[in-house]
Amino acid sequence: MATFVDRYPEEAAVVRATFVVAFVSLGIGAFFGLIQALHRTGYVRILDSVDYYTILTGHGVLLALVFTIFFLLGLFTWAVARSLERPLPDIRLTWAWFGLTTTGATLVAVAILAGLIPSLGVSADVLYTFYAPLQAHPLFYAGLTMFIVGTWMAGADWFLAYRAWRADNPDDRIPLQTFMVLTTMLMWYLSTIGVAVSAVFFLLPWSFGIVETVNPLLTRTLFWFFGHPVVYFWLMPAYLLWYTVLPKLAGGRLFSDPLARVVFVLFLLLSTPVGIHHQYLDPGISEGFKFIAMTNTMFLLLPSLLTAFTVVASMEHGARQRGGEGYFKWLGALPWRDPAFTGMALAGLMFAAGGFSGMINAGMNINYLIHNTLWVPGHFHMTVGTAVALTMMAGSYWLVPQLTGKRLYSRPIGLLQVVLWFVGMVFMSNAMHRAGLAGVPRRTAEPQYQSFDFSTALGSVGELQAQIAFGGFLLFVSVVLFLFNILLSSFETPMESPVDDSLPAPLSGAEGSPLVLDDLRLWTGIAIVLVILAYTLPLGSIVTDAGLFGDSPGFPVLIDAVAMLKEVVA
Amino acid sequence: MEIHAYEKFWLAAALLLIVGLIATVSYGAVGAGIEMIGDEGGTVDPEALDDHPKFGDPGVYESGEDEYDVYVVAEQFAFRPGTSDPIEVPANSTVTFHVTSADVIHGFEVVGTNANTMAIPGQVATFTVEVDGPRDYGILCNEYCGSAHHAMEGTMEVVPEDEYDGPEGGD
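Top to bottom, those sequences are chains A and B. Using my numbering, the first residue of the first sequence is number 4, and each one after it goes up by one. Using my numbering, the first residue of the second sequence is number 28, and each one after it goes up by one.
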């Protein structure tokens, strides 16, 4: 039979649904991004600066949580069914987690966007990190909890599919794509404990007024317990595509299956015991614990550096299969007219640059120069904003036809779109890094101050702002092109095989990788031990300092409405 | 497990980079003496800052010859001192900052320097800087703290030693 939608029509319907949610969020989130890029550079200010933070919260949550994770939910469903060569065990369970995650995400979005309409009395302008004691409406924390629980159910769905497959194939190696999904989900189960405990035990009861106070350093630390692994939760779908799809698009095959497994195991082990590297500047956590987090972080560079090797080697192999020769001339033999290939290759290139700026962030002392400056969003727009987002968009050009049985509306527009994204991000991200070095803060509606100016080592603040606004504009145009291309594709007539969806076996196959790599219980056990080692003492000392529930009352972000209510009551 | 020769070389280079990065930070901390924020500052009740011997009366205190302690309270949307009165210290002195918050989480960043910390209610961030020649610095809040976050700023004035008229601890 022809393609994924013909083989697994029910699974394809779920994947299409998750992609619709992902792409709607992408559209809204990108529009918010454009508003921010123009607002904070002073070019166009259509909103009051107070509302900037509503837009910023929406941008962060819709893009970093909703777009990326719904794409992941669809991609992983596709990858599990495809690589196990069987449908999911019970499609009702699949629709149930889709329903729960979508409801949760919708509640969160409503709580955030309601902030634009003051008369509703609901606000969640607490940004993506929702640091207490800033307090959002309970709807925000409740929706977030539903969303997380929904992702846990999705993981259970994929593990049940694996168990059913294992019963029929007791001696086979776990297919590579399923292996990637399962290790990623194990990492996710471990790391979301932090945010779930924070939301369910502390923030939700506190926002309802059941408990009066909160320990801000505790909830902040629990957030980062989840907040760094979540970046790998975004990145692993991109890695899955780079390892299993990109080599094929390049005209070849994956260089090494064993090394791919090693990389995913390393991410399972090291993603979580590093969160404190986001808290280098926090009082109340000793330097020793920060140093441990830094050491783990630096070793977490290893799987990404190994990935760089494998991806480039696979591309070179593909190019040589297509007749490429020489030391560098083979680059010209790659299929640069294919938007799926070019988008992923450019995303990988920018990830290398983002990796280097990440090394600066990870350096415990040099971090002081750039902490909470515009450098940081400059960094993560290269990583999650390009390595992940551009790979997902480029991958869609190859995946969506398999889910609909219809060809892509326009490959040239797709090519223009991915190149535009890359160019836009070069302008915006480079300027953000440089502005950060000058001390310009992130998360600020108007980085202009009364009593001092910023001075740049090179160029001027005006030039940096022009680059940020221009880059942001190109990125928005790129998203619009992407969404129209996907939308118009849905009006194409169905065809037998809209895209070549076969994936060739790796050069070094699974038979060459040690069996122990597939021992998921072992790796999960080690991952848990590493987390206990990294977190027991810091969390213990934070709780000893101020107690589980701390001393901080809530500071609702909706100050005006509270004042209004008091007047009404009086 | 089959590992290609180039892969082994790459793996070794990657490990060298990682160990090198950790070594530079370790050298920075032990050799060059770059101070970082830990848990030395202790804790404080954010609801009772007014009763605190220093945060109840924040400002600059002399702690030794050419050594000063600066107690700063960050609150929505000002630094005390810093916003309405600048933080004033003499040139060529050693200044230890003690920063806390009276309400939500704030940032305290001396613009263009690595004097940068989070201000977390209940916790005191303590760090020491060497101040050189006379100069004015901007201070800003670099953590979102509410609707007027972008207006939260202050100044620090490093004045020549002979023009310095003593700490105003509790201005």
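A virtual CB, placed ideally from N, CA and C, is assigned to each residue, including glycine. Note that the structure is predicted; figures quoted are calculated from it, not measured.
How big is the Cα-Cα spacing for Val565/A and Ala105/B? For Val565/A, the pLDDT reaches just 48, beneath the cut-off of 50, and the residue's location in the model is therefore unreliable, leaving the point undetermined.
If you run the structure through DSSP and keep just helix, strand and coil, what is Ser511/A? strand
Which residues of chain B have a Cβ atom closer than 9 Å to the Cβ of Gln453/A, listed in chain order? Ala178, Glu180
On the premise that His320/A lies in contact with Arg264/A, defined as a C-beta separation below 8 Å, what is that separation, rounded to the nearest angstrom? Between the beta-carbon of Arg264/A and that of His320/A there is about 19 Å, and that puts the pair past the 8 Å contact cut.
Does the distance from the CB of Pro541/A to the CB of Glu215/A come in under 8 Å? no
Report the rounded CA-to-CA distance for Trp98/A versus Phe383/A, giving the unit in angstroms. 32 Å
Candidates Tyr165/A, Met190/A, Thr187/A, Thr106/A, of which the one nearest Pro178/A by Cα: Tyr165/A
Sub-8 Å separation of Ser52/A and Glu449/A beta-carbons: yes
Within a Cβ cutoff of 8 Å, which residues of the same chain sit near Thr60/A, ignoring the five residues on either side of it in sequence? Ile115, Gly118, Ala127, Asp128, Val129, Leu130, Tyr131
Helix, strand or coil for Ser458/A per DSSP? coil
Hey, how far is the Cα of Ala549/A from the Cα of Gly149/B? 7 Å
Quick one: does Ala41/B have its CB under 8 Å from some CB of chain A? yes
Under the three-state reduction of DSSP, which class applies to Val248/A: helix, strand or coil? coil
Output the distance between the C-alpha atoms of Glu180/B and Asp130/B, rounded to the nearest integer angstrom. 16 Å
Starting from the Cα of Gly160/B, find the closest Cα among Val116/B, Asp192/B, Val151/B, Gly83/B and give me that residue. Val116/B
Hey, how far is the Cα of Thr313/A from the Cα of Pro261/A? C-alpha separation (whole angstroms): 11 Å.
Residue of Ala175/B, Gly139/B, Asn169/B minimising C-alpha distance to Ala460/A: Gly139/B
Give me whichever residues DSSP pairs with Tyr95/B in a beta bridge. Glu89/B, Val122/B
So, for Gly45/A: in the same chain, excluding its five sequence neighbours on each side, which residues have a beta-carbon less than 7 Å away from its beta-carbon? Gln468
Name, in chain order, the residues that DSSP records as bridge partners for Arg107/B. Val100/B
For Val126/B, I'd like the list of residues in its chain whose CB is within less than 6 Å of its CB, leaving aside the five on either flank, ordered along the chain. Val99, Phe135, Thr144, Ala146, Ala152
Using beta carbons (cut-off 8 Å, strictly below), is Ala101/B in contact with chain A? Chain A, which has no Cβ nearer than 8 Å to the Cβ of Ala101/B, makes this no.
Length of the line joining the Cα atoms of Ile49/B and Thr106/A: 44 Å
Which two residues bound the contiguous beta strand (DSSP E) that contains Ile116/B? For clarity, residue 116/B is Val in the given sequence; the question names Ile instead. Taken as a continuous stretch (DSSP letters only), the beta strand (DSSP E) holding Val116/B covers 114 to 117.
Own chain partners of Ala311/A with C-beta closer than 7 Å, once the 5 adjacent residues on each side are dropped: Excluding sequence neighbours, Ala311/A sits near Ala355.
What are the partner residues of Glu215/A, as DSSP defines its beta bridges? Looking at the DSSP assignment, Glu215/A forms no beta bridge with any residue, so it has no partner.
Is the stretch 7 to 18 of chain A touching the stretch 79 to 91 of chain A, taking contact as three or more C-beta pairs under 8 Å? yes
Helix, strand or coil at Met567/A [DSSP, three-state]: Below a pLDDT of 50, predicted positions are generally treated as unreliable, and Met567/A, at 47, falls in that range; the measurement from the model is reported next regardless. The answer is helix: DSSP assigns Met567/A an H, G or I state.
Would DSSP call Ile177/A helix, strand or coil? coil
For my contact list, Met188/A and Leu243/A are in at a C-beta cut-off of 8 Å; report their separation, rounded to the angstrom. Not a contact, Cβ separation roughly 12 Å.
Nearest-angstrom Cβ-Cβ length linking Met396/A and Phe485/A, presumed shorter than 8 Å: 5 Å
Reducing DSSP to helix, strand and coil, say where Asp522/A ends up. coil
Would Pro219/A and Gly442/A qualify as a contact pair, given that the criterion is a beta-carbon distance under 8 Å? In this structure, Pro219/A sits away from Gly442/A, with a CB-CB distance that is not shorter than 8 Å.
Quick one: Cα of Ile373/A to Cα of Pro404/A, how far? 43 Å
Could you compute how far the alpha carbon of Ser150/A sits from the alpha carbon of Leu103/A? Before going on, a small fix: residue 150/A reads as Phe here, not Ser. Spanning the two alpha carbons is a distance of roughly 6 Å.
Note down, in chain order, each residue of its chain lying with its Cβ closer than 8 Å to the Cβ of Leu180/A, except the 5 sequence neighbours on either side. The residue you asked about is not Leu; residue 180/A is Gln in the sequence shown. If we look at Gln180/A and ignore the five residues flanking it on each side, its Cβ neighbours are Ala82, Val83, Arg85, Ser86, Leu243, Thr247.
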